[in-house]
Amino acid sequence: MKVCLVGSSGGHLTHLYMLKPFWENKDRFWVTFDTKGTKGTISEGLRQFLNYMENTDQNNAVNEDLKDIQKMVDVVKRDGEVSLQYMKSFEHDQLMYAQGEAAGREDGLRAGRLAEIKNTEREKKRADMAQSRIKELEAELKKYRKKTTV
408 MKVCLVGSSG
418 GHLTHLYMLK
428 PFWENKDRFW
438 VTFDTKGTKG
448 TISEGLRQFL
458 NYMENTDQNN
468 AVNEDLKDIQ
478 KMVDVVKRDG
488 EVSLQYMKSF
498 EHDQLMYAQG
508 EAAGREDGLR
518 AGRLAEIKNT
528 EREKKRADMA
538 QSRIKELEAE
548 LKKYRKKTTV
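When the letters of the sequence shown are read in order and numbered with the numbering used here, they come out as residues 408 to 557.
Here's what the structure looks like:
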């Protein structure tokens, strides 16, 4: 079976990728496009299709092909199993997002703590060097004062 994966960008491609278990072992090809139909010269039928894909509802099913697609969309929307799977995938996405955000925040905090430790070590080294230089200068000053008093 040959599978055509069609998406515009952003969320559409994300949802297609979520279906990877279905298509990963199939002979497939991708079609992505400018859904606004603003680039290049395209037919009116394609422009209508792009508008429908961007805003999938009965009002945008303006020709017979789109009306047929809309009938399939309506069937899928009424199917409880599809709705359940969609809600599960939405819930999973939200969980993954929250976990990713928490992991990113923890990584950021860890990196910040490490940077603070390095900065503290660098400042301590600088202070130690300054203290050492002060002692050297005090010793030099002491020698100089001895010479001038003798």
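No residue lacks a Cβ here, since even glycine has one placed at the ideal position from N, Cα and C.
No experiment lies behind these values; they were computed from the predicted model shown.
Are the CB atoms of residue i and residue j nearer to each other than 8 angstroms?
i           : j           : result
residue 493 : residue 473 : no
residue 425 : residue 490 : no
Tell me where the beta strand (DSSP E) around residue i begins and ends.
i           : result
residue 413 : 409-414
Which first and last residues belong to the alpha helix (DSSP H) in which residue i is found?
i           : result
residue 482 : 471-485
residue 431 : From DSSP, residue 431 is part of no alpha helix (DSSP H); its letter is neither H nor E.
residue 458 : 451-461
Just confirm the distance between the C-beta atoms of residue i and residue j, as a whole number of angstroms; I'd bet it's less than 8 angstroms.
i           : j           : result
residue 412 : residue 435 : 6 angstroms
residue 463 : residue 480 : 6 angstroms
Give every residue of the same chain whose Cβ lies closer than 8 angstroms to the Cβ of residue i, excluding the five residues on either side of it in the sequence, and list them in chain order.
i           : result
residue 409 : 433, 434, 435 and 436
residue 470 : 452 and 455
residue 531 : none
Looking only at its own chain, which residues have a Cβ that is under 7 angstroms from the Cβ of residue i, when we skip the five neighbours before and after it?
i           : result
residue 465 : 477
residue 523 : none
What residues in its chain sit with their C-beta under 6 angstroms from that of residue i, if we drop five residues either side in the sequence?
i           : result
residue 468 : 474 and 477
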